[in-house]
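**Q** In this note's numbering, each residue carries its 1-based index in the sequence shown increased by 279.
Before I ask anything, let me first share the structure, which is written out below as structure tokens.
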Amino acid sequence: MASRYYDNSDGAQRFQPGTTARADEVDAKLDQVAAGFEQAEVDIDRSLKLPASETSQELNASPLLRRRRVVGFDADGNLTLLTGFNWRGDWTTATEYFVNDVFRDPATKNIYVTATRHTSAAALSTDITAGRVELAINIEDVEQLKAETQQIKDDAVSETTTIKNAAQAAATTATTKAGESSTSASQSATARNKAQQWAEENENTAVESGQFSAKHHAIKSAASASASSASAGQSATARDKSRAWAETPENTEVEAGQYSAKHHALKSSASASAASASAGTAATKAEQTGQDALNTAADVVQTGQDRVATGQDRVATGQDRQAAEGAAQTATEKAQQTAADRQQTGEDRAAAAQSAQAAGQSESNAAATLEEFLRRYLGSFEIPPTTDNQGDPLIVGALYYSTVTGDEGMRQWTGTAWENAYATIDGVSWGDVSGKPALYTQAEIDTKIGDIGSILDAINGEVV
Numbered sequence: 280m281a282s283r284y285y286d287n288s289d290g291a292q293r294f295q296p297g298t299t300a301r302a303d304e305v306d307a308k309l310d311q312v313a314a315g316f317e318q319a320e321v322d323i324d325r326s327l328k329l330p331a332s333e334t335s336q337e338l339n340a341s342p343l344l345r346r347r348r349v350v351g352f353d354a355d356g357n358l359t360l361l362t363g364f365n366w367r368g369d370w371t372t373a374t375e376y377f378v379n380d381v382f383r384d385p386a387t388k389n390i391y392v393t394a395t396r397h398t399s400a401a402a403l404s405t406d407i408t409a410g411r412v413e414l415a416i417n418i419e420d421v422e423q424l425k426a427e428t429q430q431i432k433d434d435a436v437s438e439t440t441t442i443k444n445a446a447q448a449a450a451t452t453a454t455t456k457a458g459e460s461s462t463s464a465s466q467s468a469t470a471r472n473k474a475q476q477w478a479e480e481n482e483n484t485a486v487e488s489g490q491f492s493a494k495h496h497a498i499k500s501a502a503s504a505s506a507s508s509a510s511a512g513q514s515a516t517a518r519d520k521s522r523a524w525a526e527t528p529e530n531t532e533v534e535a536g537q538y539s540a541k542h543h544a545l546k547s548s549a550s551a552s553a554a555s556a557s558a559g560t561a562a563t564k565a566e567q568t569g570q571d572a573l574n575t576a577a578d579v580v581q582t583g584q585d586r587v588a589t590g591q592d593r594v595a596t597g598q599d600r601q602a603a604e605g606a607a608q609t610a611t612e613k614a615q616q617t618a619a620d621r622q623q624t625g626e627d628r629a630a631a632a633q634s635a636q637a638a639g640q641s642e643s644n645a646a647a648t649l650e651e652f653l654r655r656y657l658g659s660f661e662i663p664p665t666t667d668n669q670g671d672p673l674i675v676g677a678l679y680y681s682t683v684t685g686d687e688g689m690r691q692w693t694g695t696a697w698e699n700a701y702a703t704i705d706g707v708s709w710g711d712v713s714g715k716p717a718l719y720t721q722a723e724i725d726t727k728i729g730d731i732g733s734i735l736d737a738i739n740g741e742v743v
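Take a look at the structure:
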């Protein structure tokens, strides 16, 4: 027979009947048997053993059934395979706890796991300080994470609202200012044109009902020396009207509901700096045109022969007209700049909208983080939940705390059913079962010893 402790299977090495067994050969056989006993003793010392008074116990489980399981003892002290931890409910004093027992602190709701077998002290803090139990889940950390997640969500919503309101206010202000600038520029151009009419409108063409330009009266004065005095008076009236349209102070009407170029220039300046510069140029040119008309009227009063000078003034007036047209061109360019500014304002509004969209994305991310947490830990229930807190299917690994009296504990969803999240190992002294030599039952050990006895019998039978 052969075994890993002793091999006597080779017939050529066995003692043969009718032959003499030499003492040294017998000693060699006995040395081999002794070596086998020593190896068996080493294996026995390293094995998990039950007291001799108890019956033999075996773990009848295939490798498939043994995977992810640990060797331990059940509530009756019998050898068994366990899944890890044992839920003991709320902690109590003067209670015996075993390794991997899991319980809840009724005061803080924290979850602890037993590190060493012990009888609980009068206060849980004593067992914690002594290292008999270890903190597994800090409920305060869980609640803080929940509160922080909610705060992130609230902050994101608040920031999004603030950005949205600011963008809307900026857009409204930009639209209002652009409208005011456009209106003031238009009014300034109207005043400039009116001043130019009072200075240059053609002969016999009324600027307003019964009233004519300085140019009209100058021509009339030249055509009739006898009417010089009257024309001079009318020219002075035109001059004064031209000056009024050019110089009347801000907010003072020249005619009912109508204001001077100076008024509109100031208004344009207050609304937009670009339009202000343009309106100021128009006001200056209108004032100059009025002064030219005044000089022309004075020349007519002084002498009818000053028609040449009047013609020169007309030429000068034409030059001023060209200058006014240049100023109008400048005003147009400024208006174009105002349009560009409005376009920039639109781009700023688009950027603000993008910022609002980014804030909305931050809010969505925070909400997703909170939703993931709530799908993982569902809270406390008396009846096992069939969906998560959003009504969606349960995910594998989801947890909830059972509040059923006498059956409290953490439960974990396996994908098909709720199981205890923790199991127990009572009194295991085998530190790291994985990788250890195979365990032998008492029956197997007895068989080995019987084999050795048979060997000894065979040896004795061969001695002559």
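All residues carry an ideal CB built from backbone N, CA and C; glycine is no exception.
Along the chain, where does the alpha helix (DSSP H) containing residue 380 start, and where does it finish?
**A** Position 101 of the sequence shown, counting from 1, holds the residue named residue 380. Premise fails: residue 380 lies in the beta strand (DSSP E), 380-383, not in any alpha helix (DSSP H).
**Q** Once you ignore the five residues that flank residue 672 on each side, which residues in its own chain have a CB closer than 8 Å to its CB?
**A** Taking the first residue of the sequence shown as position 1, residue 672 is located at position 393. Correct list, in chain order: 666.
**Q** Smallest Cα separation from residue 373: which of 341, 396, 287?
**A** The count along the sequence shown starts at 1 and reaches residue 373 at position 94. If we check each option's Cα against that of residue 373, 396 comes out closest.
**Q** Could you please give me the residues that DSSP links to residue 699 through a beta bridge?
**A** Your numbering for residue 699 matches position 420 in the sequence shown. Answer is 690.
**Q** For residue 284, which residues from the same chain have a beta carbon less than 6 Å from its beta carbon, with the 5 sequence-adjacent residues on both sides left out?
**A** Your numbering for residue 284 matches position 5 in the sequence shown. Correct list, in chain order: 315, 318, 319.
**Q** Whose CA, out of 663, 731, 436, 457, lies closest to the CA of residue 698?
**A** As a first step, residue 698 must be located in the sequence shown, where it is residue number 419. Answer by Cα proximity: 663.
**Q** Based on Cα-Cα distance, which residue from 526, 534, 530 lies nearest to residue 540?
**A** Numbered from 1 along the sequence shown, position 261 holds the residue referred to as residue 540. Ranking 526, 534, 530 by Cα distance to residue 540 puts 526 first.
**Q** Using a 10 Å radius around the Cβ and a threshold of 16 neighbouring Cβ atoms, would you call residue 683 buried or exposed?
**A** Within the sequence shown, the letter at position 404 stands for residue 683. When all chains shown are included, residue 683 counts as exposed.
**Q** Grouping DSSP H, G and I as helix and E and B as strand, with all else coil, what is residue 340?
**A** The residue given as residue 340 occupies position 61 in the sequence shown. Of the three classes helix, strand and coil, the one that applies to residue 340 here is coil, per DSSP.
**Q** From 423, 371, 391, pick the residue whose C-alpha is nearest to that of residue 398; which is it?
**A** The residue you call residue 398 lines up with position 119 of the sequence shown. Minimum Cα distance to residue 398 is reached at 371.
**Q** Taking residue 345 and residue 329 to be in contact with their CB atoms under 8 Å, please state how far apart those CB atoms are, rounded to whole angstroms.
**A** Mapped onto the sequence shown, residue 345 falls at position 66. Mapped onto the sequence shown, residue 329 falls at position 50. The Cβ separation is near 20 Å, so there is no contact.
**Q** Helix, strand or coil for residue 423? Go by DSSP, reduced to three states.
**A** The residue you call residue 423 lines up with position 144 of the sequence shown. Reduced to three states, the DSSP call for residue 423 is helix.
**Q** Residue 294 by DSSP, collapsed to three states: which one?
**A** Residue 294 sits at position 15 when you count from the first residue of the sequence shown. Correct three-state label for residue 294: coil.
**Q** Return the CA-CA distance between residue 620 and residue 424, expressed in angstroms with no decimal places.
**A** Numbered from its first residue, the sequence shown carries residue 620 at position 341. Numbered from its first residue, the sequence shown carries residue 424 at position 145. When rounded, the distance between both Cα atoms is 47 Å.
**Q** Please report the residue range of the alpha helix (DSSP H) in which residue 363 lies.
**A** To locate residue 363, count along the sequence shown from 1; it is residue 84. Here residue 363 belongs to no alpha helix (DSSP H), and DSSP marks it neither H nor E.
**Q** When the Cα of residue 681 is compared with those of 333, 391, 659, 341, which residue comes out closest?
**A** If you number the sequence shown from 1, residue 681 lands on position 402. It is 659.
**Q** Take residue 530 and list the residues in its own chain whose beta-carbon comes closer than 7 Å to its own, dropping the five residues that flank it on each side.
**A** One-based indexing of the sequence shown puts residue 530 at position 251. Counting only Cβ-Cβ distances below 7 Å, and skipping sequence neighbours, we find 542.
**Q** When you compare the CB positions of residue 446 and residue 632, do they come within less than 9 Å of one another, or not?
**A** As a position in the sequence shown, residue 446 is number 167, starting the count at 1. As a position in the sequence shown, residue 632 is number 353, starting the count at 1. For residue 446 and residue 632, yes; Cβs fall inside 9 Å.
**Q** Taking just the CA atoms, how far does residue 676 sit from residue 669?
**A** Residue 669 sits at position 390 when you count from the first residue of the sequence shown. Residue 676 sits at position 397 when you count from the first residue of the sequence shown. Each residue's Cα considered, the two are about 16 Å apart.
**Q** Give the range of the alpha helix (DSSP H) segment to which residue 321 is assigned.
**A** Locating residue 321 in the sequence shown gives position 42, where the first residue counts as 1. It spans 302-324 - the alpha helix (DSSP H) in which residue 321 sits, taken as one unbroken run.
**Q** Just the Cα atoms here: how many angstroms apart are residue 441 and residue 616?
**A** Along the sequence shown, read from residue 1 onward, the residue named residue 441 stands at position 162. Along the sequence shown, read from residue 1 onward, the residue named residue 616 stands at position 337. C-alpha separation (whole angstroms): 31 Å.
**Q** Under the three-state reduction of DSSP, which class applies to residue 533: helix, strand or coil?
**A** By one-based count along the sequence shown, residue 533 stands at place 254. If DSSP states are grouped into helix, strand and coil, residue 533 belongs with the strands.
**Q** Alpha carbon to alpha carbon, what distance is there between residue 418 and residue 387?
**A** Numbered from 1 along the sequence shown, position 108 holds the residue referred to as residue 387. Numbered from 1 along the sequence shown, position 139 holds the residue referred to as residue 418. Taking the straight line joining both Cα atoms gives about 7 Å.
**Q** Could you compute how far the alpha carbon of residue 313 sits from the alpha carbon of residue 301?
**A** To locate residue 313, count along the sequence shown from 1; it is residue 34. To locate residue 301, count along the sequence shown from 1; it is residue 22. Residue 313 and residue 301: Cα-Cα distance of roughly 18 Å.
**Q** Quick one: measure Cβ to Cβ for residue 382 and residue 368, integer angstroms, because I've assumed they're closer than 8 Å.
**A** Taking the sequence shown and counting its residues from 1, the one referred to as residue 382 is at position 103. Taking the sequence shown and counting its residues from 1, the one referred to as residue 368 is at position 89. Yes, residue 382 and residue 368 are in contact; Cβ-Cβ is about 6 Å, under 8 Å.
**Q** List the DSSP bridge partners of residue 393.
**A** Taking the first residue of the sequence shown as 1, we reach residue 393 at position 114. DSSP, once it has assigned bridges, lists 412 as partnering residue 393.
**Q** Return the CA-CA distance between residue 726 and residue 307, expressed in angstroms with no decimal places.
**A** For the purposes of this step, residue 726 is taken as the residue at position 447 of the sequence shown. For the purposes of this step, residue 307 is taken as the residue at position 28 of the sequence shown. If I take the Cα positions, the gap works out to 24 Å.
**Q** At which residues does the beta strand (DSSP E) containing residue 351 begin and terminate?
**A** Residue mapping note: residue 351 aligns to position 72 of the sequence shown, counting from 1. Counting along the chain, the beta strand (DSSP E) containing residue 351 begins and ends at 349-352.
**Q** Pull up the distance between the alpha-carbon of residue 486 and that of residue 455, whole angstroms please.
**A** Taking the first residue of the sequence shown as 1, we reach residue 486 at position 207. Taking the first residue of the sequence shown as 1, we reach residue 455 at position 176. Looking at the two C-alpha atoms, the distance is approximately 34 Å.
**Q** Keeping to the same chain, check which residues put their C-beta closer than 8 Å to that of residue 689; ignore five residues upstream and five downstream.
**A** Translated into positions along the sequence shown, residue 689 becomes position 410. The answer, listed in chain order, is 366, 381, 390, 678, 679, 680, 681, 699, 700, 701.
**Q** Which class does residue 753 belong to by DSSP, given the choice of helix, strand or coil?
**A** In the structure as shown, the chain begins at 280 and stops at 743. Residue 753 is therefore absent and cannot be evaluated.
**Q** Going by beta-carbon coordinates alone, are residue 495 and residue 484 separated by less than 9 Å?
**A** Here residue 495 corresponds to residue number 216 of the sequence shown, with the count starting at 1. Here residue 484 corresponds to residue number 205 of the sequence shown, with the count starting at 1. Cβ distance < 9 Å, so residue 495 and residue 484 count as in contact.
**Q** On the three-state DSSP scale, how would you describe residue 452?
**A** Here residue 452 refers to the residue found at position 173 when the sequence shown is read from its first residue. In the structure shown, residue 452 sits in a helix (DSSP, three-state: H, G or I).
**Q** Helix or strand or just coil, what does DSSP make of residue 461?
**A** Counted from its first residue, the sequence shown places residue 461 at position 182. Reduced to three states, the DSSP call for residue 461 is helix.
**Q** What did DSSP end up calling residue 643 once you bin it into helix, strand or coil?
**A** As a first step, residue 643 is located in the sequence shown; it is residue number 364 there, counting from the start. Helix.
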